[in-house]
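**Q** Going left to right, the sequence shown walks through residues 1 to 164 as the UniProt record's numbering numbers them.
First, the structure itself, so that you have it in front of you.
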Amino acid sequence: MFFSSLLGVQEEKEEGRSQRRSGTEEEEEMPSPPPQEEELDVDLDDDGHGEEVQGCTRRRRRRRGRVKGRNFMRGKNWCVAKASSDETSLQDNLNYACTQVDCSVINAGGSCFEPNLLISHASVAMNLYYQSMGRNVWNCDFTHSGLITISDPSYGTCSYAYGS
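Written out as structure tokens, the structure is:
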């Protein structure tokens with residue numbers, strides 16, 4: 001019963017369409033499509049500048065640096081602890097890094113002991129580890145609590161190692 005009523009509605013719609021097509025009702029004039037513009041491609045040189053070339057089928061692509069481990073960034077970079085890291089993660093990072101590298105600079109009397117804060121000590125230890133392992137991106141991950149920076153985090157008497 002339900003399907004038959006749906007079929008009836010469908011048939012009425014189709015009848016209305018056929019009446020419009022046959023001319024019993026006024027046909028609306030369809031707008032013509034906009035004129036097609038000439039197709040232009042842009043030919044890019046190595047600097048990313050380009051010029052329009054009619055009918056050009058080949059494009060030179062702009063050269064882009066790839067992010068790959070050791071060559072992640074050019075120039076100097078350091079690894080520090082993220083400010084949002086919790087104390088447990090920072091302590092774990094500090095413990096792990098100091099089993100791999102010499103952390104004497106963050107011991108009492110060391111050049112990086114002050115300020116005597118967990119985040120400061122963890123940052124120094126994480127950077128020592130990062131530098132000694134070859135400055136690979138993955139050597140600063142520390143379970144997503146490490147951050148690579150291009151700004152030298154050194155302060156006062158504490159000089160963050162670079163290129164150990």
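No residue lacks a Cβ here, since even glycine has one placed at the ideal position from N, Cα and C.
(1) Kindly give me the distance between the Cβ atoms of residue 140 and residue 146, rounded to whole angstroms, as I take these residues to be in contact under 8 Å.
(2) Have a look at residue 88 and residue 137 and give me their C-alpha separation to the nearest angstrom.
(3) Taking only three categories from DSSP, how would you classify residue 153?
(4) Quick check: the Cα distance between residue 82 and residue 97, rounded to an integer number of angstroms?
(5) In the DSSP assignment, find the unbroken alpha helix (DSSP H) run with residue 98 in it and report its ends.
(6) Measuring straight from C-alpha to C-alpha, what distance separates residue 84 and residue 102?
(7) Just the C-alpha distance for residue 162 and residue 149, rounded to the nearest angstrom, thanks.
(8) Please name the residue in 131, 142, 124 and 151 whose C-alpha comes closest to that of residue 157.
(9) Does DSSP classify residue 122 as helix, strand or coil?
(10) For residue 129 and residue 100, which I take to be in contact (beta-carbon distance under 8 Å), what is that distance rounded to the nearest angstrom?
**A** Inspection of the coordinates gives the following:
(1) Reading the sequence shown from its first residue, position 140 is the one you call residue 140. Reading the sequence shown from its first residue, position 146 is the one you call residue 146. Their Cβ separation, rounded to whole angstroms, is 4 Å, which keeps residue 140 and residue 146 in contact under 8 Å.
(2) Taking the sequence shown and counting its residues from 1, the one referred to as residue 88 is at position 88. Taking the sequence shown and counting its residues from 1, the one referred to as residue 137 is at position 137. So the alpha carbons of these two residues sit roughly 22 Å apart.
(3) Position 153 of the sequence shown holds residue 153. It is coil, neither helix nor strand.
(4) Stepping through the sequence shown from its first residue, residue 82 is reached at position 82. Stepping through the sequence shown from its first residue, residue 97 is reached at position 97. Rounded to whole angstroms, residue 82 and residue 97 show a C-alpha spacing of 16 Å.
(5) Locating residue 98 in the sequence shown gives position 98, counting from the first residue. For residue 98, the uninterrupted alpha helix (DSSP H) segment begins and ends at 87-100.
(6) Walking along the sequence shown from the start, residue 84 turns up at place 84. Walking along the sequence shown from the start, residue 102 turns up at place 102. Cα-Cα distance, rounded: 26 Å.
(7) Against the sequence shown, residue 162 aligns to sequence position 162. Against the sequence shown, residue 149 aligns to sequence position 149. Cα to Cα, residue 162 sits roughly 12 Å from residue 149.
(8) Counted from its first residue, the sequence shown places residue 157 at position 157. When 131, 142, 124 and 151 are compared, the shortest CA-CA separation from residue 157 is found for 124.
(9) Here residue 122 refers to the residue found at position 122 when the sequence shown is read from its first residue. Helix.
(10) The residue labelled residue 129 in the question sits at position 129 within the sequence shown. The residue labelled residue 100 in the question sits at position 100 within the sequence shown. Residue 129 to residue 100, Cβ: 6 Å. Contact.
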